[in-house]
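A short worksheet on the structure shown next.
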Amino acid sequence: MTHEDYAKYRQTMKDFRDEFSAHRECGYNEPVPYFDIAHNVALHYVSWLEKYNTIPSLEMTVEEYQEELQPMIESFKVK
């Protein structure tokens, strides 16, 4: 994906958010954009943050807080 392609995709997502999702502009009649690119960007961003130790890895966070979070996790399960 080129920088120009990404900029166009980003603007499409921003327009969707601004004109439909967040504000419900009257007459907005564009198709819902695909979220696969946004999802991949988010995954790459998290990988980058983990690589440069800006945030701990998700696995480390889960391990660190597993005991504390387990009761909450159990309470969310359908019984």
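Position one of the sequence shown corresponds to residue 38 (this note's numbering), numbered consecutively onward.
Cβ atoms here follow ideal geometry from the backbone N, Cα and C, with glycine treated the same way.
Remember, it's a predicted structure, so these values are computed and weren't measured experimentally.
Measure how close the beta-carbons of A79 and M50 come, nearest whole angstrom, since I'm counting them as under 8 Å.
Actually they do not touch by this definition, with Cβ atoms about 12 Å apart.
Whole-angstrom distance between E104 and Y43, CA atom to CA atom
41 Å
Within its chain, find whatever has a CB closer than 7 Å to the CB of F2; leave out the 5 residues flanking it on each side and keep chain order.
This structure cannot settle anything about residue 2, because the visible part of the chain is limited to 38 through 116.
Helix, strand or coil: which one does DSSP assign to N77?
helix
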